[in-house]
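In the order they appear, the protein sequences are chains D, C, Z and P. Numbers given in the numbering used here equal positions in the first sequence, counted from 1, plus 128. Numbers given in the numbering used here equal positions in the second sequence, counted from 1, plus 923. Numbers given in the numbering used here equal positions in the third sequence, counted from 1, plus 839. Numbers given in the numbering used here equal positions in the fourth sequence, counted from 1, plus 49. The C-beta atom is built at its ideal place from N, Cα and C for all residues, glycine as well. First the structure, in the form of structure tokens, and then the observations on it.
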Amino acid sequence: MLRPESPQEDRISTLFWIMFGGCLVGLGVVAAFLLLGWLRRHRPGLPGGGGDNAGSGIVIVLGVAVPIVVLSALFWYSDLHALNATAAPAAGSGQLQVEVTGHQWFWEVRYPGTEAVTANEIHIPAGVGVELIAKTADVIHSFWVPRLARKIDMIPGHPNRIELYARDPGIYRGRCSEFCGLQHANMQLLVVAESQQQFQRWLADMGAPAAEPAGAHANRGRGLFLENACAGCHTIRGTAATGTLGPDLTHLGSRLTLGAGTLRNTTGDLAAWVLDPHQAKPGNRMPRLSLPKSDFNDLIAYLETLR
Amino acid sequence: MAIEVYTPTARRRVDRLDAIWTERPGLLGWLTTVNHKRIGLLFFFTSLAFFAAGGVEALLIRTQLAGPGLGVVSPSVFNQLFTVHGVTMIFLFVIPMGIGAFGNYLLPLMIGARDLAFPRLNMLSYWFFLASGCFIYAGLLMGDGPDQGWFSYVPLADREFSPGLGVDFYALGLIFNSMSTTATATNLIVTTFKARAPGMSLNRMPLFCYAQLAVSFVLVFALPALTVDLVFLELDRRLGFQFFEPANGGSTLLWQHLFWIFGHPEVYAIILPAMGIATSIIPAFAQRKMIAFPLVALAELLVGFIGFGVWAHHMFAVGMPTVTAIFFAGATLMVVIPSTIQIFAWTTTVAMGTPVFATPLLFIGGFIALFVTGGLSGIMFAAIPFDQAVTDTYFVVAHFHFIIFGAAVFPLLGGMYFWFPKVTGRMYNEPLGKASFWLAFLGTWLTFFPMHIVGLLGMTRRVYTYQPGLGWDAYNLAETIGSYLLAAGLVLIAVNLCLSLVRGPIAGPNPWHAPTLDWATPSPPPEFNFPVIPRVRSAYPMWDADDRLDDRRRLEDGELLFDAGHQMPATTVRDADLDEILKLPTESASPLLVALPVTLVFVMLLTSHYIGAGLCGALALVALAGWHSREPQAA
Amino acid sequence: MTSFEAAGARPRSLPNGWWGMLVFVAGEATLFGCLIGSYFYVRLQSVHWPQGGIEPKGVLVPIVLVAALASTSIFMQLASAAGVREHAGAAVAALLVALVVQSGYFAFEVHDFRADLAAFSPHDNGYASIYYTLLGADHAHVALGLLLNAWVLLRLLGGLTRYRLNALRAVTLYWHAVNVITLVVTATILSPSA
Amino acid sequence: MTRRLEALQWFGLFGGALAWTAQLVLGFGLAQGACSTGGSRLGIGTAVPQLALTAGAALITVLAGVAALAVAVATREGSHDGPPPIGRRRFLALGAVAANVLFLAIILNTGLLAAYQFPCRQS
């Protein structure tokens, strides 16, 4: 929020600094009064004590008149001017839509009008306003990428929208900011802003089904994936795996993180994750898999191919 | 300490009152007491115990968050800790401490009454409080504590996502707790209305009492919203109702609206007793009448009143229509004004008086600094776009801890020092008191101020851990160190007061030359508070020396003595004219006998024994009938 | 005047018990305010009302019943006034009339409630949930009022004391409040669907 | 005269508060109704009802403020700490003047901006 990357966030940041300045003044005035009292301690008879009604004027001016004016000004500035500049887009107004659905505890990301499905990672073209539709599959989550936009709650039966905009290409962190249960802390996401061409290529890749695994190990791994519990929860498009409880894994290998930002997506971390998902993210919904070592290696080899 | 008397007649009269009012000694006396001071002490020590528990929870939370990726407690335990920490501090500490202990003990003394309007109800309220607190903690101790956060949003709190008993402990416990709070609030309202000393018309009522009155009204009108909400939740969870199920025509936002209709006024109920205490301490130590007294009195009421119209600012990120959000943003800004009135009245009084910065006033100075800081960050939430950016981050955590720890608890701590001589008859240790203030004050800043910054950096609330490299580590470590400093400051207060209880010099009735009637009584006050009911001619009765001399004369003459049994005068609501003579009940086991079956009702509901709950409810009615068969009689 | 202890003389203004009851019913009114607010909140979210094809309630019977209940406010007030004038017998008589009418109302409503339950269940949808909860809360308050009245009646048969008079005046206020609440609740339930 | 002063004092004290309560409850209710599925058919989705409500509430608040001011002027000989009922009336009237200013500010701020922010859109 302090390093804004979008016009909306610029507004919010400016608003903050204005209010922060006001706060310093307010705090300064009160501190000055207290200091004055401190200087006058133990000194009866100083002029300025006044009668019963002395000082009421100060209270009326500083306690009523000035605040009413200042706060009314803030009200109109923030809740008209700034609010309308950061307002949610009307439904269907964006040239690009992305639909993000919160799950305990990961983010499902879809691009309406395309086949693309991914998780925990939103790609957008830099410099283009994207209409983000926020939904939830279970409890209330809240979508928040501090450097790009205000947050928006994901409420059951009540889809919400915000505009997601990144001025420059880059990777922006976000996290769930409404408490959503045991692993609320590990429900993070990344927004990857890239050039329009890169984005279009990425989107096309995401829309494609998984490639056929190359090599015997990976091929065996696919079999294991489909035979074991994996396929019951995960979808890999182009295979018989169509579970919906966990994130879509069709292009798992292309993502930067695992477990909604819990681990980096490296071979070692992937193996550690599949071996015991509860090590890094205790209590998440993915069960521990007990496979012989060779099977396990093949499974990982297969998952590595999902790019 | 005995009452100063100068003639045998007066002595005889005081002895007679003593004989009438003195309750049974020993444990049985404490179980059956109806005396507001004893009940106040019970509330005090019980809520203090819950404060200690909530403090330990806070330290565990801070220890877990001292660095990234720590494993001091498991995520499940962490979630229970912050949920129970919130519930404890709000429902089991600040409110019972503010009205149950401070209000109960001091309000009758300040208005020149001998007890609350409904002494037995007062004791019942204590039993409900104790039982509901134990009820909520039973869940935590059984490892099945509530873990859905203190505002318990559905659907997370529905049975599907919180299948254990934790949410039920929370919901039933809070319904039970609000019965206690409502009873105390009702009692305080009627007492302030009807039991003020003759002459104490509304314009002469101490500001402390205005604050207590405001809190009580806030609670009476806010708690029903919570009760309704919790009943909906339990009906959904246990009996399959559809209040919060959007697929079946319910609404998840209904929970949030009802919760915050209660929740935001509750925040003001938390801060108001503190404001009352500040307005007691400041004139005593500035040795000057409060500046803008009528404005301050009304401001205390207005804080509570306008506080009912701001609830949806907790929900600006839910995507409600802009036009509805506007109403709450506007009210949120203007609810600041009653507070600015008070802040400038306090600071101007200090600045224009001849202040003595003894420990209680130091705590109030600290309170003002913390309140202004937390208040200014609170103003920011009325700017909807900014609120939408920082809500549910540590910025909010910082803000409300400045308010409901810094601003609400510092005056309670200062008040403990201030009234320590009144309650115990002994003075506390001043150097230790100052040291404890600075430790607690600096600890508070170090704990809570960096939270603003990590919040702005993107750290969200209620995370049991975070990753390294986000730039949050140093701030979090500082916060944890601060929390231990703060704890040390609080322990030092306890040490000071415990030592002074034994070794402190004798204080006398009014060591501060304070202006309110609580200081007219000996320290500690006798069970009947006042041998003769004082007559009041200003808002600062102890500074009207003639009137207090007149009290002494009236004791000789037996005027306004009321010594034919447990008697107390009732006065009219507006102008406190003598109205009738009340006979108050004497000690009674009935409150305990009612509280026991009511507690069982909640246990039965928790364990789904609905028939058993009905039977226990019937038992409670029988006990109530027994209660009301014993009518207060003239002695 | 033997019935009041000498200390108190006649009460000049309303007793503490009445004020306590006033605060209590103010809280209960807020409770119903929240319930009714929830009713309309759920209703505004809904395209059809009542939801799920539930038949709206008939208008006539509830209105007659509520009118009967409201009339007991008069008898309660009479009982209270008789008590203040120390006419214990008149107070008992008026209270008895009120109690009979209130009991009749309650019996009818319980019957009605059971008939509703046979037609649709509170599990059906949001409307059913709030309908039963709102009505149930109202009936519970009537039931509590019946218990209070029965108790006060029983005590008054043993003679009039200040304590019992205070109870009578407080219970009278309680019934006024319950009657108003019942009126509003009924109006809410019967309010036409747009 | 005293009875009128008494009535003015209580009206001054509660007038603004009640006006704001009515504006908040009705204004929020109307807005909520106008912007929700079930309520959008009621034809209240315009700024006009909000403006009318705001004007009414503001008028009552101004009157209450004037009443409080009148009481304060009528009791200027007394002190707010003085004997009742004069002292009490002055005391409550002085507070009520400030309170009504405050309520007027809330009513006008929220009412006008709420009217401006129609039609409905998600915040």
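When beta bridges are read from the DSSP output, Q171 of chain P appears opposite C:P1244. For L1125 of chain C, no alpha helix (DSSP H) encloses it, and the DSSP letter there is neither H nor E. Shown here, M1491 of chain C sits in a strand according to DSSP, grouped into three states. The bridge partners DSSP lists for K1506 of chain C are C:Q1490. With contacts defined by Cβ atoms closer than 8 angstroms, D1486 of chain C and L940 of chain C form a contacting pair. Contact between the segment 1009-1029 of chain Z and the segment 910-928 of chain Z is present: three or more C-beta pairs spanning the two stretches fall below 8 angstroms. At least one CB of chain C lies nearer than 8 angstroms to the CB of F140 of chain P. The segment 1444-1453 of chain C and the segment 408-417 of chain D do not touch, with fewer than 3 CB-CB distances between them shorter than 8 angstroms. Among the residues of the segment 65-81 of chain P, those with a Cβ less than 7 angstroms away from any Cβ of chain Z are Q81, in the order of the chain. In the DSSP annotation of this structure, the continuous segment of the alpha helix (DSSP H) that includes F973 of chain C starts and ends at H959 to Q987.
The C-beta distance from Y1351 of chain C to L1420 of chain C rounds to 6 angstroms, short enough to meet the 8 angstroms contact threshold.
Chain Z places no beta carbon closer than 8 angstroms to that of T95 of chain P, leaving this residue out of the contacts. When Cβ-Cβ separations below 8 angstroms define contact, S200 of chain D makes contact with chain P.
As a beta-bridge residue in DSSP terms, A247 of chain D pairs with D:E236. When DSSP assignments are scanned along the segment 139-207 of chain D, no uninterrupted stretch of beta strand (DSSP E) that is 3 or more residues long falls wholly within it. Scanning C:F1294, C:A1240, C:A1281 and C:A1305 for the CA closest to the CA of L1256 of chain C turns up C:A1305. Sixteen is the threshold: since fewer than 16 other Cβ atoms of the shown chains lie within 10 Å of the Cβ of F968 of chain C, the residue is exposed.
Per DSSP, reduced to three states, the secondary structure at Q325 of chain D is helical. When the Cα atoms are used, M1198 of chain C and I1204 of chain C turn out to be separated by approximately 10 angstroms. In this structure the segment 308-320 of chain D lies against the segment 222-234 of chain D, because at least three pairs of beta carbons, one per stretch, are closer than 8 angstroms. Between the segment 1383-1393 of chain C and the segment 1345-1360 of chain C there are fewer than three C-beta pairs closer than 8 angstroms, too few to call the two in contact. One finds T1109 in chain C with Cβ atoms closer than 7 angstroms to the Cβ of F863 of chain Z, taken in chain order.
Our two residues, P1129 of chain C and A1499 of chain C, have alpha carbons roughly 14 angstroms apart in a direct line. Look at W1073 of chain C here: in three-state DSSP terms it is coil, with no helix or strand label. As the crow flies, the alpha-carbon of L102 of chain P is around 16 angstroms from that of L112 of chain P. Within the segment 1228-1253 of chain C, contact with chain P at the beta-carbon level (separation under 7 angstroms) is assigned to F1228, G1232, F1239, G1242, M1243, P1244, T1245, V1246, T1247, A1248, I1249, F1250 and G1253. The CB of V886 of chain Z comes closer than 8 angstroms to the CB of T86 and G87 in chain P, given here in chain order. From the listed residues C:A1254, C:G1242, C:L1218 and C:P1217, the smallest Cα separation to W1234 of chain C is found for C:A1254. Chain-order list of chain C residues neighbouring G144 of chain P: P1217, L1218, A1220 and L1221, by C-beta distance under 7 angstroms.
Annotation: Cβ neighbours of L208 of chain D in chain P (cutoff 9 angstroms, chain order): L162, Y165 and Q166. The three-state reading of DSSP puts P1261 of chain C in helix, counting H, G and I together.
Interface residue (Cβ-Cβ distance to chain P less than 8 angstroms): L1004 of chain Z is not classified as such.
Along the segment 992-1043 of chain C, the alpha helix (DSSP H) occurs as fully enclosed runs of 4 or more residues at 998-1010 and 1027-1034, listed in sequence order. Those residues of the segment 873-885 of chain Z placed with their C-beta closer than 8 angstroms to a C-beta in chain P are F879, Y880, R882, L883, Q884 and S885, ordered along the chain. For F1092 of chain C, the uninterrupted alpha helix (DSSP H) run begins and ends at G1089 to K1117, by DSSP.
Secondary structure note for I299 of chain D: its beta strand (DSSP E) is the uninterrupted segment G298 to C304.
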